[in-house]
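Student:
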Amino acid sequence: MNKIKIIADTSADFTAEEAKAMDIAFVPFTIDAGKNTYIDDDTLNLDALYADMQASQEPTRTGCPSPYNYKEAILGTGSDEIFVVTISSKLSGSYNAAKTAVEEVKREHPEKKIALIDSKSASAGTANVVSFIHKRAEEGKDFDAIEREVREFADKQSTFFILESMDNLIKNGRIPKLAGKAVNVLNMKPIMRGEDGAIGLFQINRGFKKSLAKLAKEVIRINAEKSVEFITISHSHAEEKAKLFKSYIQDEIQTATIRIVQTKGLSSVYADFGGIVVAL
């Protein structure tokens, strides 16, 4: 029987052990921090990356996989039924690179069924999309049914993040310098949320712990409305914060799989040291 295979860019946060168990093939981003270039794979030294990010006055740059990288990964699966999952198309060129590769492979191999899925998210949210596909495949659902369901899942998923520091977003020009520094000085910890694949402001609170508590209430409310299946808490060297957040929600949410994971390189860059991302 032809096994459904999953390819993802490295916006999807999984441990090496999880990825191996789920048989996920990753197509990595590259990261330029200071004078060093990193490949976002299992050999990445996160401590060195964080140190370079902090030491450099220049913004940390990320490079998405090329169409060639995606094509090699697709052909390397040896499967005729393949899902390719990327970070939100509004946040990176990864989706467009994958689209070019998918179209080329389909022309050369019309027998292959390849679904390109825009996660409309990042980090924990991209990981949830991958988990959704994997679970449905394990349940024995056919390719077309999974494709329909996962597109609906991606459309309805909610993603939030809280940052300890705005420094990297300031360096990258993602937020105005004066506004970002004011937030840092006043110890304001905004809760940001995904809005149809882009990023918007959900709420501002003073102090990280207060934002965690406020976000927990929103996650509990969302679960009460739609009874979520997956909750992923990705953290950028902030495991204690992730565990605290889980403690806020676990008694109220009984049916969802709640998972805590360290961010991979790409998400570590944008979450910066101490940030968390929650998706459900």
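Using full-length UniProt numbering, the letters of the sequence shown map in sequence onto residues 1 to 280. In this text, a Cβ means the ideal position worked out from N, Cα and C, and glycines have one as well. All values derive from a computational prediction rather than experimental measurement.
Taking DSSP's pairing of strands, which residues face N205 in a bridge?
Tutor: K189, per the DSSP bridge assignment.
Student: Is DSSP giving T100 helix, strand or coil here?
Tutor: Three-state DSSP puts T100 in a helix.
Student: Rounded C-beta distance between P67 and T100? I'm assuming under 8 Å.
Tutor: About 4 Å separates the two Cβ atoms, so the contact holds.
Student: Looking only at its chain, what residues have a beta carbon closer than 6 Å to the beta carbon of G274, apart from the 5 residues adjacent to it on each side?
Tutor: Taken in chain order, the residues that qualify are E164, A238.
Student: Going straight from the alpha carbon of A127 to that of S79, what length do you get?
Tutor: In a straight line, the C-alpha of A127 is about 21 Å away from that of S79.
Student: Let me confirm a value: P28 is counted as buried when at least 16 other C-beta atoms fall within 10 Å, else exposed. Which label applies?
Tutor: Buried.
Student: Can you name, in chain order, every residue of its own chain whose Cβ lies under 7 Å from the Cβ of H134, other than the five neighbours on each side?
Tutor: The residues are I6, M22.
Student: Any idea if Q57 is buried or exposed, counting beta-carbon neighbours within 10 angstroms, 16 or more meaning buried?
Tutor: With fewer than 16 other Cβ atoms within 10 Å, it is exposed.
Student: Spatial neighbours of A179 within its chain, please: CB distance less than 6 Å, with the 5 preceding and 5 following residues excluded, ordered by chain position.
Tutor: Residue placement at A179 cannot be trusted, given a pLDDT of 46 that sits under 50; the coordinates are not used to answer.
Student: State the Cα-Cα distance for the pair F208 and E149, rounded to the nearest angstrom.
Tutor: Answer to the nearest angstrom: the Cα atoms are 35 Å apart.
Student: Pick from R61, P110, Q262, S267: whose alpha carbon is nearest that of T37?
Tutor: It is R61.
Student: Taking the continuous beta strand (DSSP E) assigned at K5, which residues delimit it?
Tutor: Run containing K5: 5-9, per the beta strand (DSSP E) assignment.
Student: When DSSP labels each residue in this structure, what does T126 get in the three-state scheme?
Tutor: Correct three-state label for T126: helix.
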